[in-house]
Every structure is written in C-alpha cells, then in structure tokens.
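J.: Using this note's numbering, the letters of the sequence shown map in sequence onto residues 592 to 913.
Even glycine gets a Cβ: it sits at the ideal position worked out from N, Cα and C.
This one's a predicted model, so the numbers in the text were calculated from it and none came from an experiment.
What follows is a single structure, and I will ask about it in a moment.
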Amino acid sequence: MLPLITIGMTCFNAEDTIGAAIESALSQDYANKEIIIVDDGSSDGSRALLEKFATENEIINYIPHEQNTGFAGALNTIIKNAKGGFIAIFDDDDISQPQRLTAQYERITAYEQETGTTDVLCHVARIQTFENGLQRYEQTVGTNAGIAPHGIDMVRRVLYGYLGNHGTNIVGSCANCARMGRTKVFRDLNGFDEDMRRGEDTDFSIRFALNGGHFVGIEEPLVHQAMTTGAEKTLDKEYGVEKFFTEKHKDFLEKEGWYKFALEWLDVRYANLHNQKLKFLFLLSMMFLKHPIKTIKKLCWSVPAKDTRSSFKKWHLGELNG
Numbered sequence: 592m593l594p595l596i597t598i599g600m601t602c603f604n605a606e607d608t609i610g611a612a613i614e615s616a617l618s619q620d621y622a623n624k625e626i627i628i629v630d631d632g633s634s635d636g637s638r639a640l641l642e643k644f645a646t647e648n649e650i651i652n653y654i655p656h657e658q659n660t661g662f663a664g665a666l667n668t669i670i671k672n673a674k675g676g677f678i679a680i681f682d683d684d685d686i687s688q689p690q691r692l693t694a695q696y697e698r699i700t701a702y703e704q705e706t707g708t709t710d711v712l713c714h715v716a717r718i719q720t721f722e723n724g725l726q727r728y729e730q731t732v733g734t735n736a737g738i739a740p741h742g743i744d745m746v747r748r749v750l751y752g753y754l755g756n757h758g759t760n761i762v763g764s765c766a767n768c769a770r771m772g773r774t775k776v777f778r779d780l781n782g783f784d785e786d787m788r789r790g791e792d793t794d795f796s797i798r799f800a801l802n803g804g805h806f807v808g809i810e811e812p813l814v815h816q817a818m819t820t821g822a823e824k825t826l827d828k829e830y831g832v833e834k835f836f837t838e839k840h841k842d843f844l845e846k847e848g849w850y851k852f853a854l855e856w857l858d859v860r861y862a863n864l865h866n867q868k869l870k871f872l873f874l875l876s877m878m879f880l881k882h883p884i885k886t887i888k889k890l891c892w893s894v895p896a897k898d899t900r901s902s903f904k905k906w907h908l909g910e911l912n913g
C-alpha cells in the first residue's frame with residue numbers, strides 16, 4: 592500500500608479562492624492522502640467555508656488559529672499534526688493538477704533509490720497568472736536526470752547566484768506552494784522560522800541545503816499560481832528579506848569571500864527593480880571598480896534567470912496588474 596501523504600494548506604482571508612484550492616487537493620489522483628487546513632485567524636468568511644468542507648470530507652482535518660501567526664506559524668502547525676510520511680504544501684489561491692502528488696512521490700522515491708539519501712525536497716514548475724491575464728512558465732531546480740543540486744552549491748546559488756557545473760539545472764525557484772518532502776525532513780529542521788513574515792521558504796531551503804539536502808524537480812507545471820499583490824509584497828519588504836538572509840549567513844559568506852559583495856549587490860539589484868536607472872548604472876559601475884571579477888561572474892550567473900527577474904520587476908512596478 593502506498594504511504595499516506597499529508598496535503599498541507601494554510602488560509603488567511605481567502606474565502607474567494609480557498610474553495611477551488613481545496614477542490615484541487617481533493618481531486619488528487621493519489622488515493623492515500625489526508626488534508627490539513629490551518630486557518631490563520633481569518634476575519635472574512637473563510638472559517639465557515641472551511642468548516643463546511645471539513646464536515647463533508649472526512650479526510651480534511653481543519654485546525655483554526657485564534658490569532659494570526661503568519662505563514663510560517665501555520666505551516667508549523669501542519670508539520671506538527673501531519674500523520675503522513677510526506678508533506679505537500681498547497682497555497683490557498685493556487686490550483687494543483689490532479690497528478691501532482693503522484694508525480695512528486697514518484698520523483699522523490701526514485702531519486703532516493705538511485706542515490707541512497709532521503710534528504711530530498713521536490714518542487715514542480717508553475718504557471719504564473721498575473722492580474723492582467725498574462726501567463727508565464729516558472730521553472731524549478733533539479734529537473735535533469737542524475738545527481739540533483741544539493742548542499743553547499745545550493746547555498747551558494749541562493750546567497751550569491753553561483754552556477755558552478757550545474758548549468759541551468761540549478762536555476763529556478765523553490766517555492767513553498769510547489770514543495771513536497773518527507774515529513775521527517777521538515778521536522779528535522781524544526782519547521783519554518785516564525786519570526787519571518789516573508790521569505791520563509793527561501794530560509795528553509797538554505798537551512799536544508801546547509802544540512803546537505805538534495806533538490807529534485809519536475810519540469811511539468813503542475814501548479815497554477817495566482818500572482819496577487821498585497822501590502823506584504825513590496826520591494827522594500829523583499830529587500831529587507833534578502834538583507835536578512837545575507838546577515839543571517841554572514842559567516843558562511845565571509846568564508847566564501849562574498850559577504851561584502853553580496854551586501855552591496857542588494858543595492859544594485861533593488862535600484863534596478865525600482866527602475867532607478869541612473870542610480871543603478873552608478874552603483875553597477877562602482878561594483879566594477881571595487882569587485883571587477885566578482886561583478887562579471889555575477890552578471891554571467893544571472894543570465895539564465897533573466898526572464899524571471901524581468902517578470903518580477905514588471906509585477907512590482909504594476910505593469911502586470913489588472
């Protein structure tokens with residue numbers, strides 16, 4: 592018999608989208624599953640809707656939070672209560688294709704048999720739909736055959752853009768909404784950092800990679816992600832998250848010789864994202880003067896992900912909004 596898989600879904604004021612997200616979880620063709628839904632202190636009609644779904648579907652375990660703990664806190668409640676040997680994370684406004692669980696389970700277990708490790712996370716590619724109707728394909732890492740990106744190379748990729756010998760196989764996102772792994776993987780790292788209101792998925796990926804973890808992927812876009820805007824999704828907040836990562840892993844970056852560069856590059860990156868062209872050109876020229884070799888490497892490493900960065904910039908500038 593196939594092992595139980597826990598589908599974990601958090602909800603916060605998502606009454607307009609949570610129903611379709613739950614239906615996509617119920618429609619998974621993997622039979623042996625449970626669904627844990629944590630409502631993180633919603634003030635709209637989400638709770639009544641979730642109670643109805645839980646009453647009508649015995650595989651749903653509905654857990655309400657009286658106070659909002661943030662995405663990380665709600666995810667940790669899922670990890671604590673999961674009965675399955677695997678956890679797959681679903682967002683409250685995304686749609687997962689029916690074969691998602693099966694595909695990720697088969698990808699993980701095949702890789703485990705091939706390599707002998709169980710320290711594996713699997714992500715799927717996504718179709719991102721913006722408010723103006725534009726859709727784009729967002730790739731994930733580790734879709735090629737053979738040994739997947741893992742360990743220190745993944746830490747380097749996340750913190751300063753390193754490509755190494757992995758080529759495009761190390762390029763792509765590792766979003767929570769497309770993530771699945773053994774429950775033990777999540778528990779061994781004590782879940783997600785509840786002090787973080789943004790970027791908890793990247794923080795988890797860094798800690799997992801520092802622990803030697805492997806990142807396998809599926810190139811088929813099995814998640815359709817709604818790219819919504821909100822007060823918590825501003826460039827200033829994104830800048831703060833990336834600076835937090837840089838400072839949190841200062842010792843690692845200093846050992847690698849990239850700390851000062853990584854810190855200064857944030858200002859270059861966000862001048863570009865804010866479309867501050869003169870400031871961007873000035874800061875970039877200063878980087879060439881102070882760190883010529885590292886700057887050339889960074890620019891070369893950035894090429895494979897240029898489409899993702901371009902879409903990210905347009906989204907934050909409001910060019911893709913309805």
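Looking only at its own chain, which residues have a Cβ that is under 7 Å from the Cβ of Phe777, when we skip the five neighbours before and after it?
T.: Once the five neighbours on either side are set aside, the close Cβ partners of Phe777 are Ile670 and Ile678.
J.: Let's see if you can read the secondary structure: which residues bound the beta strand (DSSP E) around Tyr753?
T.: Taken as a continuous stretch (DSSP letters only), Tyr753 belongs to no beta strand (DSSP E), as it is neither H nor E.
J.: Looking only at C-alpha atoms, which of Arg698, Ile699, Glu722 and Thr708 sits nearest to Asp684?
T.: Closest option to Asp684, Cα to Cα, is Glu722.
J.: Quick one: what does DSSP say Gln816 is sitting in, helix, strand or coil?
T.: Correct three-state label for Gln816: strand.
J.: Going by the CB atoms, is the gap between Glu703 and Ala716 shorter than 8 Å?
T.: Their beta carbons are not under 8 Å apart, which means Ala716 does not touch Glu703 by this criterion.
J.: Distance, Cα to Cα, Phe662 vs Ile654?
T.: Going from the Cα of Phe662 to the Cα of Ile654 covers about 14 Å.
J.: Does the separation of the CB atoms of Ala616 and Met600 fall below 8 Å?
T.: In contact: Ala616 and Met600 (Cβ atoms closer than 8 Å).
J.: I'd like the span of the beta strand (DSSP E) that includes Cys713, first residue to last.
T.: Residues Val711 to Phe721.
J.: Taking 7 Å as the cut-off, is the C-beta of Thr899 nearer than that to any heavy atom in the ligand FMN?
T.: The model on display carries no ligand, and the ligand FMN is accordingly not part of it.
J.: Quick check on this structure: which residue in Phe835, Trp849, Asp682 and Glu833 has the alpha carbon closest to the alpha carbon of Leu813?
T.: Comparing Cα positions, the closest option is Asp682.
J.: Ala914: buried (16+ other C-beta within 10 angstroms of its C-beta) or exposed?
T.: As displayed, the chain neither begins before 592 nor continues past 913, which places residue 914 out of reach and without an answer.
J.: Please classify Glu833 as buried or exposed, where buried requires at least 16 other C-beta atoms within 10 Å of its C-beta.
T.: Glu833 should be labelled buried.
J.: Would you check if the distance between the CB atom of Gly675 and the CB atom of Pro594 is smaller than 8 Å?
T.: Closer than 8 Å, so yes.
J.: Suppose you measure from the CA of Leu844 to the CA of Gln719; what does that come to, to the nearest Å?
T.: Distance between the alpha carbons of Leu844 and Gln719: 32 Å.
J.: Between the region 740-759 and the region 626-645, are three or more C-beta pairs nearer than 8 Å?
T.: Flag = no, the region 740-759 and the region 626-645 do not touch.
J.: At what residues does the beta strand (DSSP E) containing Lys674 begin and finish?
T.: Segment: none, Lys674 is in no beta strand (DSSP E) and carries neither H nor E.
J.: Ordered along the chain, which non-local residues of its own chain (more than five positions away) have a Cβ less than 6 Å from that of Ile699?
T.: Same-chain partners within the cutoff: Val711 and Cys713.
J.: Taking Cβ to Cβ, would you say Ser687 is nearer than 8 Å to Val749?
T.: Cβ distance not < 8 Å, so Ser687 and Val749 don't count as in contact.
J.: Since Phe852 contacts Lys885 with CB under 8 Å, what's their CB separation in whole angstroms?
T.: With a Cβ gap of about 5 Å, Phe852 and Lys885 count as contacting.
J.: Among Ser902, Ile651, Glu606 and Ala645, which one has its Cα closest to the Cα of Ile626?
T.: Selected option, being the one with the closest Cα: Ile651.
J.: For the alpha helix (DSSP H) that Gly610 lies in, which residues bound it at each end?
T.: From DSSP, the alpha helix (DSSP H) with Gly610 extends over Ile609 to Leu617.
J.: If you check the beta carbons only, do Val807 and Cys765 fall under 8 Å apart?
T.: No, they are not a contact pair.
J.: Can you look up Phe799 in the DSSP assignment and give me helix, strand or coil?
T.: Helix, per DSSP.
J.: Where in the region 833-891 do unbroken runs of the alpha helix (DSSP H), each at least 4 residues long, occur, reported from the N-terminal end onward?
T.: 841-847, 850-864 and 868-881, all fully within the region 833-891.
J.: According to DSSP, is Cys602 helix, strand or coil?
T.: DSSP places Cys602 in strand when its eight states are reduced to three.
J.: Taking its Cβ as the centre, do 16 or more other Cβ atoms sit within 10 Å of Ser637, making it buried, or is it exposed?
T.: By the neighbour-count rule (16 or more Cβ atoms within 10 Å), Ser637 is buried.
J.: Pull the bridge partners of Ala766 from the DSSP assignment, please.
T.: According to DSSP, Ala766 bridges with nothing at all.
J.: In this structure, how does DSSP classify Met745 when only helix, strand and coil are distinguished?
T.: DSSP places Met745 in helix when its eight states are reduced to three.
J.: Using only the alpha-carbon positions, how far apart do Thr837 and Ser901 sit?
T.: So the two alpha carbons sit approximately 23 Å from each other.
J.: Which whole runs of the alpha helix (DSSP H) in the region 618-672 are 4 residues long or more, in chain order?
T.: Counting only runs of 4 or more, we get 637-647 and 661-672.
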